[in-house]
Amino acid sequence: MNDNANIWSDDDENNRYEKLDPEEVWDHELASDLIGCTLYVGLTFVDNEGNFRKREQVFGTVESVSASAGIKLIQTNGEIYSMAPVLDAIESSGPESYQLTDDDELVENPNFVAWITAIDPPLN
706 MNDNANIWSD
716 DDENNRYEKL
726 DPEEVWDHEL
736 ASDLIGCTLY
746 VGLTFVDNEG
756 NFRKREQVFG
766 TVESVSASAG
776 IKLIQTNGEI
786 YSMAPVLDAI
796 ESSGPESYQL
806 TDDDELVENP
816 NFVAWITAID
826 PPLN
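First residue of the sequence shown: 706, per my numbering; consecutive thereafter.
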């Protein structure tokens with residue numbers, strides 16, 4: 706489900722993210738394809754030495770995608786979740802079920818999935 710009005714370019718008013726790699730090319734086709742689709746995100750958090758801290762899953766419908774403002778999901782409970790615009794972590798999903806931990810909701814057949822590891826910054 707595409708809605709080009711919800712895809713933003715680098716001149717967004719809510720700039721939060723900068724490209725880490727200036728050579729990286731924004732995937733407009735994937736950004737467009739995400740709008741209105743369901744996205745399951747599996748997050749693993751580790752400290753700056755790589756030690757596991759926690760796991761978390763997020764699931765919802767993609768409302769908007771922006772190279773500089775991120776990806777905005779509307780979760781099933783109605784809450785908004787914003788994430789970094791890491792399109793290279795997102796892939797199409799087949800008819801599968803996802804559940805990061807036994808305590809998490811079982812999510813069936815999302816359109817897309819993303820697996821992200823968040824690393825704490827080094828201590829100064």
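The beta-carbon is built from N, C-alpha and C at its ideal position, and this holds for glycine as well.
For residue i, list the residues DSSP reports as bridge partners.
i    : result
G765 : L744, Q780
V751 : F757, I824
A736 : Looking at the DSSP assignment, A736 forms no beta bridge with any residue, so it has no partner.
V818 : Y745, E796
E813 : S802
Whose C-alpha, out of the options, is nearest the C-alpha of residue i?
i    : options                : result
T806 : V746, G799, V770, L739 : V746
V763 : T743, E796, W731       : T743
D808 : V730, R760, G755       : R760
E768 : E729, Y786, S798, H733 : Y786
A736 : A774, N814, E754       : A774
Would you mind giving the Cβ-Cβ distance between residue i and residue j, rounded to the nearest angstrom? I have them listed as a contact below 8 angstroms.
i    : j    : result
P790 : I779 : 17 angstroms between Cβ atoms; not a contact.
A794 : I821 : 5 angstroms
D732 : L792 : 5 angstroms
Whole angstroms are fine: how far does the CA of residue j sit from the CA of residue i?
i    : j    : result
F750 : P826 : 11 angstroms
D708 : M788 : Here the model assigns D708 a pLDDT of 43, short of 50, so the residue's position is not dependable, and the following value carries that caveat. So the two alpha carbons sit approximately 19 angstroms from each other.
V770 : V818 : 15 angstroms
L811 : E801 : 10 angstroms
T766 : F757 : 28 angstroms
E796 : G755 : 25 angstroms
T781 : D752 : 29 angstroms
I740 : N816 : 11 angstroms
Y803 : N814 : 8 angstroms
S798 : L748 : 17 angstroms
V730 : N829 : 32 angstroms
A772 : G783 : 24 angstroms
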